[in-house]
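Asker:
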Amino acid sequence: MAERASLVFHNKVIDGTAIKRLISRLIDHFGMAYTSHILDQVKTLGFRQATATSISLGIDDLLTIPSKGWLVQDAEQQSLILEKHHHYGNVHAVEKLRLSIEIWYATSEYLRQEMNPNFRMTDPFNPVHMMSFSGARGNASQVHQLVGMRGLMSDPQGQMIDLPIQSNLREGLSLTEYIISCYGARKGVVDTAVRTSDAGYLTRRLVEVVQHIVVRRTDCGTTRGISVSPRNGMMPERIFIQTLIGRVLADDIYIGTRCVAIRNQDIGIGLVNRFITFQTQPIPIRTPFTCKSTSWICRLCYGRSPTHGDLVELGEAVGIIAGQSIGEPGTQLTLRTFHTGGVFTGGTAEHVRAPSNGKIKFNEYLVHPTRTRHGHPAFLCYIDLYVTIESENIIHNVTIPPKSLILVQNDQYVESEQVIAEIRARA
Numbered sequence: 001m002a003e004r005a006s007l008v009f010h011n012k013v014i015d016g017t018a019i020k021r022l023i024s025r026l027i028d029h030f031g032m033a034y035t036s037h038i039l040d041q042v043k044t045l046g047f048r049q050a051t052a053t054s055i056s057l058g059i060d061d062l063l064t065i066p067s068k069g070w071l072v073q074d075a076e077q078q079s080l081i082l083e084k085h086h087h088y089g090n091v092h093a094v095e096k097l098r099l100s101i102e103i104w105y106a107t108s109e110y111l112r113q114e115m116n117p118n119f120r121m122t123d124p125f126n127p128v129h130m131m132s133f134s135g136a137r138g139n140a141s142q143v144h145q146l147v148g149m150r151g152l153m154s155d156p157q158g159q160m161i162d163l164p165i166q167s168n169l170r171e172g173l174s175l176t177e178y179i180i181s182c183y184g185a186r187k188g189v190v191d192t193a194v195r196t197s198d199a200g201y202l203t204r205r206l207v208e209v210v211q212h213i214v215v216r217r218t219d220c221g222t223t224r225g226i227s228v229s230p231r232n233g234m235m236p237e238r239i240f241i242q243t244l245i246g247r248v249l250a251d252d253i254y255i256g257t258r259c260v261a262i263r264n265q266d267i268g269i270g271l272v273n274r275f276i277t278f279q280t281q282p283i284p285i286r287t288p289f290t291c292k293s294t295s296w297i298c299r300l301c302y303g304r305s306p307t308h309g310d311l312v313e314l315g316e317a318v319g320i321i322a323g324q325s326i327g328e329p330g331t332q333l334t335l336r337t338f339h340t341g342g343v344f345t346g347g348t349a350e351h352v353r354a355p356s357n358g359k360i361k362f363n364e365y366l367v368h369p370t371r372t373r374h375g376h377p378a379f380l381c382y383i384d385l386y387v388t389i390e391s392e393n394i395i396h397n398v399t400i401p402p403k404s405l406i407l408v409q410n411d412q413y414v415e416s417e418q419v420i421a422e423i424r425a426r427a
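With full-length UniProt numbering, the residue at position 291 of the sequence shown is 291, and numbering never jumps.
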């Protein structure tokens, strides 16, 4: 009872990510058997709550985003200017198509970002919002088509059609929009049937190549390894932790004259936190790349098995597991087109817009002058840039991520929702 009294009650939403974190902590502290008992109770609680809530879905639950009207107008105005440039011969037809796609994709993407805050402000218990953002049914792309805009579609050849579908499924499509959307939807259905066999064949080939790689010994005796370091803040801490946890040290680690970790010790979260605190670098770790063996692998070079969190067992067919792990996302990617109905979800640059009217200020020493791909003057920032927008009675702070283009000058007056920066497309 004393232990129960010291527990902390977390009064917050537990989504998929939080559940993963909870399960991993439970396994670390209490082991597999106790965790499975707790997860059974979580499952029962979930079923009971889902039954009591009895979520239903009606057409009134599909709330159209209020900012949609002016965003579409803004995009149409940009398209009109682009059309004029093309008419006067300033822009080539191919460039016009690319820019048109970028304009509409950026508009569609901004609407997608507005979707979640809009639901949270108007009705946090909206059934559509609860189902999609909890991960129970549907995803952000499908909800975006229902309440935002369907956006750009692909033609039967897989090329983009530069005429976007401005309506969403709640408002209903016009005849032209419906015919355009039929191309992509049918292509998705056909592709799913054709490409599923390709994904299965890829998995089979991968497994065939690596099926002989099995854990045969505890230690191959290698003295080699690779060094991992945060590289003066260039590597994010999260990636650094993920790289180290579960690996085995290739050499002793010293802080000054004191040895804090010995060779062949597996790295846990406690040890990683100690490395970060004392800023130990670089950290030599063992890896399958430096294993002495040619046709098999040893336990210490492989490290922990994600299945149970301990060193991998002898006789484990790690090659087959690796082949299947690479092949599985291929099957998922094949089915993605089918679920979105041919809607384009590629990667073009995202925009940062000004939250209000006011004068924009940023540190000019942290940016480098450059030009946009259209030849307009801009600034490039290599680190997080903190921008302030001073209006009459309030100061807004905006953080612009690294490798973004700043499209305005320092001390320039900007209007609300004006594009102030372009974030580089994620690879």
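Even for Gly, the Cβ is constructed at its ideal location relative to N, Cα and C.
Would you give the residue range spanned by the beta strand (DSSP E) that E415 belongs to?
Answerer: Taken as a continuous stretch (DSSP letters only), E415 belongs to no beta strand (DSSP E), as it is neither H nor E.
Asker: Using only alpha-carbon positions, find the residue among I165, K359, G31 that is nearest to T388.
Answerer: Taking only the C-alpha atoms, the option nearest T388 is K359.
Asker: Please report the straight-line C-alpha distance between R258 and N273, rounded to a whole angstrom.
Answerer: Rounded to whole angstroms, R258 to N273 spans 17 Å at the Cα level.
Asker: When we look at the beta-carbon of G46 and count the other beta-carbons within 10 Å, is it buried (16 or more) or exposed?
Answerer: G46 comes out exposed.
Asker: Have a look at T287, D310, L82, R299 and flag the residue whose alpha-carbon is nearest the alpha-carbon of G268.
Answerer: The shortest Cα separation from G268 among T287, D310, L82, R299 belongs to D310.
Asker: Tell me, please, whether the segment 65-85 touches the segment 303-323 by the rule of three or more beta-carbon pairs shorter than 8 Å.
Answerer: Because the criterion of three Cβ pairs below 8 Å is not met, the segment 65-85 and the segment 303-323 do not touch.
Asker: Using the C-alpha atoms, what's the distance from T107 back to L71?
Answerer: Whole-angstrom Cα-Cα distance: 7 Å.
Asker: To the nearest angstrom, how far is the alpha carbon of S416 from that of A140?
Answerer: Rounded to the nearest angstrom, the two C-alpha atoms are 26 Å apart.
Asker: Assuming C291 and I283 make a contact with CB atoms under 8 Å, what is their CB distance in whole Å?
Answerer: 18 Å between Cβ atoms; not a contact.
Asker: Does the Cβ-Cβ distance between M121 and H144 come in under 9 Å?
Answerer: Against a cut-off of 9 Å, the Cβ pair of H144 and M121 comes out as no contact.
Asker: What are the start and end residues of each continuous alpha helix (DSSP H) run of 4 or more residues lying completely inside the segment 225-275, in chain order?
Answerer: Complete alpha helix (DSSP H) runs here, min 4: 237-244.
Asker: Report the residue ranges of all alpha helix (DSSP H) runs contained in full by the segment 80-142; include only those spanning at least 4 residues, in chain order.
Answerer: Taking only runs of at least 4 residues, the alpha helix (DSSP H) segments lying wholly in the segment 80-142 are 93-122, 127-134.
Asker: Cβ atoms of N118 and I165: under 9 Å apart, would you say?
Answerer: Cβ distance not < 9 Å, so I165 and N118 don't count as in contact.
Asker: List the whole-angstrom C-beta distance separating Q418 from A378, where the pair is believed to meet the contact cut-off of C-beta under 8 Å.
Answerer: Actually they are not in contact, since the Cβ atoms of Q418 and A378 sit about 14 Å apart, beyond 8 Å.
Asker: Should N126 be labelled buried (16 or more other beta-carbon atoms within 10 Å of its own) or exposed?
Answerer: Buried is the call here.
Asker: Under DSSP, the beta strand (DSSP E) around V8 begins and ends at which residues?
Answerer: V8 -> no beta strand (DSSP E), and no H or E assigned at all.
Asker: Of the choices R224, I55, G323, E350, whose alpha-carbon is the least far from that of V128?
Answerer: Out of R224, I55, G323, E350, I55 has the C-alpha closest to the C-alpha of V128.
Asker: Which of the three DSSP states, helix, strand or coil, is assigned to F362?
Answerer: Residue state, collapsed to three classes: coil.
Asker: Roughly how many whole angstroms lie between the Cα atoms of H361 and N264?
Answerer: Correcting the residue type first, residue 361 is Lys in the shown sequence and not His. K361 and N264: Cα-Cα distance of roughly 52 Å.
Asker: Mind checking who R353 pairs with in its DSSP beta bridge?
Answerer: According to DSSP, R353 bridges with V419.
Asker: In whole angstroms, give me the CA-to-CA distance for H29 and I400.
Answerer: Going by the C-alpha atoms only, they are around 39 Å apart.
Asker: Anyone know if the C-beta pair for L249 and I285 falls short of 9 Å?
Answerer: Yes, Cβ-Cβ distance for L249 and I285 is below 9 Å.
Asker: To the nearest angstrom, how far is the alpha carbon of C182 from that of V147?
Answerer: Rounded to whole angstroms, C182 to V147 spans 19 Å at the Cα level.
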